[in-house]
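Asker: To convert, note that position 339 of the sequence shown is 339 in the UniProt record's numbering; the numbers rise steadily by one, no gaps.
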Amino acid sequence: MKVLFISPHYPEEMQDFTRGLAEVGAQVYGVGELPKAALPAKVQRHLRDYLQIPSLFDEDGAVRHIVQAARRIRPDRVECLWEPCVVLAARVRQELGMPGMSPDVAIGFRDKPIMKQRLFDADLRVPRFARVRTAREAFEAAYAIGYPVCVKPVAGAGSADTYRVGDDAELRAVLGAVERHPEINLEEFIEGEEFTYDTVCINGEPVFESVAQYFPKPMEGRNNEWITPAQVVFRDPYQPALMPGIELGRKVLKALGMTTGFTHMEWYKKPNGEAVFGEIAARSPGGKLVDQMNFANDFDLYRETARAICWKSFEAKPQRRYHVAALFKRAMGQGKIRRIEGLEEIKQRLGPSLVVSDLLPIGSNRRDWRQTLLSDGYMILRHPDFRTCMDMMRFAISTLRIHAG
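#1: Please say whether Val211 and Ile246 have beta carbons closer to each other than 8 Å?
#2: If you run the structure through DSSP and keep just helix, strand and coil, what is residue 406?
#3: Does DSSP put Arg164 in a helix, a strand or coil?
#4: Quick one: grab the DSSP three-state call for Ser357.
#5: Between Phe5, Met1 and Leu21, which lies nearest to Leu301 when the distance is taken from Cα to Cα?
#6: Can you give me the C-alpha to C-alpha distance between Ala122 and Leu248, rounded to a whole angstrom?
#7: Give the straight-line distance between the Cα atoms of Glu279 and Pro153, rounded to the nearest whole angstrom.
#8: If we ignore side chains and look at the alpha-carbon of each, how far apart do Phe5 and Val31 end up?
#9: Which residues bound the beta strand (DSSP E) around Asn185?
#10: So which of Gly287, Glu179, Lys269 and Ile190 has the shortest CA-CA distance to Thr372?
#11: Please give me, in chain order, every unbroken run of the alpha helix (DSSP H) with length at least 4 that falls completely inside the segment 83-112.
#12: Looking at the structure shown, is Gly249 part of a helix, part of a strand, or coil, going by DSSP?
#13: Quick one: what does DSSP say Arg136 is sitting in, helix, strand or coil?
#14: When you compare each of Val252, Ile380 and Arg118 to Met293 by their alpha carbons, which one comes out closest?
#15: Could you tell me which of Ser375, Ala241, Glu188 and Gly351 sits nearest to Met392, measuring between CA atoms?
#16: Looking at the structure shown, is His9 part of a helix, part of a strand, or coil, going by DSSP?
#17: Which runs of the beta strand (DSSP E), 3 residues or longer, sit entirely within the segment 311-394?
#18: Tell me the residue span of the alpha helix (DSSP H) that contains Gln292.
#19: Hey, Met14 and Ser7 are a contact pair by Cβ (cut 8 Å); roughly how many whole angstroms apart?
#20: By alpha-carbon positions, which one of His65, Asp49, Arg48 and Leu47 ends up nearest to Ser55?
#21: Taking only three categories from DSSP, how would you classify Pro35?
#22: Quick check: the Cα distance between Arg222 and Tyr214, rounded to an integer number of angstroms?
#23: When DSSP labels each residue in this structure, what does Ala281 get in the three-state scheme?
#24: Would you tell me roughly how many angstroms separate the C-alpha atoms of Pro218 and Glu193, rounded to the nearest one?
#25: Return yes when the Cβ of Val78 is within less than 8 Å of the Cβ of Pro103, no when it is not.
#26: What did DSSP end up calling Glu225 once you bin it into helix, strand or coil?
#27: Considering Lys42, what are the terminal residues of the alpha helix (DSSP H) in which it resides?
#28: By a C-beta neighbour count over all protein chains shown, 10 Å radius and 16 as the cutoff for buried, is Trp226 buried or exposed?
#29: Per the contact definition of three or more C-beta pairs closer than 8 Å, is the segment 231-246 in contact with the segment 83-101?
#30: Taking 8 Å as the cut-off, decide whether the C-beta atoms of Val28 and Val67 are in contact.
#31: Where does the unbroken beta strand (DSSP E) through His264 begin, and where does it stop?
#32: Since Asp300 is in the beta strand (DSSP E), which residue starts that stretch and which ends it?
#33: Since I believe Phe129 is in contact with Pro113 (beta carbons under 8 Å), could you give me their beta-carbon distance rounded to a whole number of angstroms?
#34: Name the DSSP bridge partner or partners of Asp198?
#35: Is Tyr147 closer than 8 Å to Asp167 when the C-beta atoms are compared?
#36: Could you give the distance in angstroms between the alpha-carbon of Gln94 and the alpha-carbon of Val63?
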């Protein structure tokens with residue numbers, strides 16, 4: 001089994017998917033912009049070979065380079081789990097006449113207005129939306145939909161450049177902030193809690209499902225520096241309060257024509273219990289969510305996803321043992337990390353429930369909180385009881401302090 005894997009090193013979790021592919025017996029051929037010598041050793045050891053190309057984002061040029069190399073390699077699979085290059089992988093498959101997700105299906109998982117139109121046509125509940133390219137179109141759409149509205153890039157990832165807009169003045173300001181995007185998606189703002197629905201699918205059917213909740217909603221965390229974003233993967237997603245989102249997600253997968261691989265969907269639960277679609281991508285989630293799923297189930301989802309891709313099989317049995325929380329701490333102040341407070345107290349109180357503590361070392365430059373969810377350090381903790389897990393998460397958020405200066 002030869003797998004041509006686009007971007008085997010970035011984002012960081014791709015390094016574990018590269019490992020997973022090798023561990024299930026694949027010969028992994030990486031494709032990326034970096035020289036092979038610049039790849040992390042963790043990646044290099046699992047690659048059979050590597051193709052460096054000038055750019056992954058010159059899509060036409062990338063297709064030419066990859067197809068030329070692929071005719072020599074003769075891969076059995078062409079895969080990518082990084083959202084900006086999912087359509088690229090589909091175009092390469094099409095050029096080579098290979099099985100897998102087509103470009104048209106991939107675009108439905110990438111382009112938000114196309115995505116929502118296809119789901120609307122399938123009678124699924126989506127926010128009212130419009131694709132806009134000019135300020136005039138944006139104001140017309142906002143008036144038609146009604147404030148508040150949500151503004152986001154057509155092909156964005158996560159909550160980057162995503163804003164809640166409550167009136168004309170706010171819309172005018174936000175349009176200036178997103179002007180680098182040639183077009184944007186403007187949609188109904190949904191009041192309610194925000195969740196994920198994550199799957200590994202084989203031939204469109206979920207063989208693993210997981211649900212997480214964001215604390216607070218990602219848009220709030222993205223736009224307020226003082227917030228410590230957090231998220232909890234539920235031990236057992238098959239509970240009455242979450243089933244509307246799972247049932248919606250299954251219908252979304254069918255409507256969009258999912259094939260084999262990872263999916264990451266976000267959905268809202270309104271105060272009346274209604275589940276409303278947010279968005280979906282044909283790739284794995286970032287922000288340590290895959291690691292949280294692993295800690296919840298005591299298995300290796302990187303390897304099982306690779307097994308699904310290569311062999312259409314998922315051998316691990318989800319254990320559903322723990323609720324798993326992750327929190328992402330931002331330093332107070334600017335410059336270098338000078339002091340960390342509360343870490344020992346957290347370790348002492350949480351004990352073995354604290355499974356990961358990864359904070360920037362003293363003397364490191366503070367990260368730009370607008371550019372990375374991981375911020376200046378993160379923790380992952382778990383417990384079989386939901387209330388206890390939430391209490392531990394809140395304790396860690398309120399106790400941990402990172403100071404920069």
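Glycine included, C-beta positions come from ideal geometry on N, C-alpha and C. Predicted, not measured: the structure shown is a model, and the values here were computed from it.
Answerer: According to the structure data:
#1: Position 246 of the sequence shown, counted from the first residue, corresponds to residue 246. Position 211 of the sequence shown, counted from the first residue, corresponds to residue 211. Yes, these two residues count as a Cβ contact at 8 Å.
#2: Nothing can be reported for residue 406, as the shown portion of the chain is limited to 1 through 405.
#3: What you label residue 164 is simply residue 164 of the sequence shown in a count that begins at 1. DSSP places Arg164 in strand when its eight states are reduced to three.
#4: By one-based count along the sequence shown, residue 357 stands at place 357. Strand, per DSSP.
#5: As a working note, residue 301 is residue 301 in the sequence shown. The shortest Cα separation from Leu301 among Phe5, Met1 and Leu21 belongs to Leu21.
#6: Counted from its first residue, the sequence shown places residue 122 at position 122. Counted from its first residue, the sequence shown places residue 248 at position 248. Approximately 11 Å between the Cα atoms of the pair.
#7: Reading the sequence shown from its first residue, position 279 is the one you call residue 279. Reading the sequence shown from its first residue, position 153 is the one you call residue 153. Going from the Cα of Glu279 to the Cα of Pro153 covers about 12 Å.
#8: Position 5 of the sequence shown, counted from the first residue, corresponds to residue 5. Position 31 of the sequence shown, counted from the first residue, corresponds to residue 31. Rounded to whole angstroms, Phe5 to Val31 spans 6 Å at the Cα level.
#9: On the sequence shown, residue 185 is found 185 positions in, with the first residue counted as 1. Note, Asn185: beta strand (DSSP E), Ile184 to Glu188.
#10: Here residue 372 is taken as the residue at index 372 of the sequence shown, counted from 1. Taking only the C-alpha atoms, the option nearest Thr372 is Gly287.
#11: 86-96 and 103-108
#12: In the sequence shown, the residue the question calls residue 249 occupies position 249. Here Gly249 sits in helix by DSSP.
#13: Against the sequence shown, residue 136 aligns to sequence position 136. Helix at Arg136.
#14: In the sequence shown, counting from the first residue as 1, residue 293 sits at position 293. Closest option to Met293, Cα to Cα, is Ile380.
#15: Position 392 of the sequence shown holds residue 392. If we check each option's Cα against that of Met392, Gly351 comes out closest.
#16: Counting from one through the sequence shown, the residue named residue 9 turns up at place 9. Correct three-state label for His9: coil.
#17: 323-328, 337-341, 354-359 and 377-383
#18: Position 292 of the sequence shown, counted from the start, is the residue given in the question as residue 292. Its alpha helix (DSSP H) spans residues Leu289 to Asn297.
#19: Taking the first residue of the sequence shown as position 1, residue 14 is located at position 14. Taking the first residue of the sequence shown as position 1, residue 7 is located at position 7. 6 Å between Cβ atoms; contact.
#20: Position 55 of the sequence shown holds residue 55. Closest by alpha carbon: His65.
#21: Here residue 35 refers to the residue found at position 35 when the sequence shown is read from its first residue. Reduced to three states, the DSSP call for Pro35 is coil.
#22: Numbered from 1 along the sequence shown, position 222 holds the residue referred to as residue 222. Numbered from 1 along the sequence shown, position 214 holds the residue referred to as residue 214. If you take the alpha carbons of Arg222 and Tyr214, they lie about 12 Å apart.
#23: What you label residue 281 is simply residue 281 of the sequence shown in a count that begins at 1. Here Ala281 sits in strand by DSSP.
#24: Here the question's residue 218 lines up with position 218 in the sequence shown. Here the question's residue 193 lines up with position 193 in the sequence shown. Looking at the two C-alpha atoms, the distance is approximately 10 Å.
#25: Taking the sequence shown and counting its residues from 1, the one referred to as residue 103 is at position 103. Taking the sequence shown and counting its residues from 1, the one referred to as residue 78 is at position 78. Contact: no.
#26: Here residue 225 refers to the residue found at position 225 of the sequence shown. If DSSP states are grouped into helix, strand and coil, Glu225 belongs with coil.
#27: Taking the sequence shown and counting its residues from 1, one reaches residue 42 at position 42. Ala41 to Gln44 is the span of the alpha helix (DSSP H), which, as asked, contains Lys42.
#28: The residue you call residue 226 lines up with position 226 of the sequence shown. Exposed: under 16 other Cβ atoms inside 10 Å.
#29: no
#30: The residue labelled residue 28 in the question sits at position 28 within the sequence shown. The residue labelled residue 67 in the question sits at position 67 within the sequence shown. Not a contact, by the Cβ cut-off of 8 Å.
#31: Here residue 264 is taken as the residue at index 264 of the sequence shown, counted from 1. Its beta strand (DSSP E) spans residues Gly261 to Lys269.
#32: One-based indexing of the sequence shown puts residue 300 at position 300. Asp300 -> no beta strand (DSSP E), and no H or E assigned at all.
#33: Against the sequence shown, residue 113 aligns to sequence position 113. Against the sequence shown, residue 129 aligns to sequence position 129. Pro113 to Phe129, Cβ: 6 Å. Contact.
#34: By one-based count along the sequence shown, residue 198 stands at place 198. DSSP lists Ser210 and His264 as partners of Asp198.
#35: Taking the sequence shown and counting its residues from 1, the one referred to as residue 167 is at position 167. Taking the sequence shown and counting its residues from 1, the one referred to as residue 147 is at position 147. In this structure, Tyr147 lies closer than 8 Å to Asp167 by Cβ.
#36: On the sequence shown, position 94 is the one that residue 94 refers to. On the sequence shown, position 63 is the one that residue 63 refers to. Roughly 10 Å between the two C-alpha positions.
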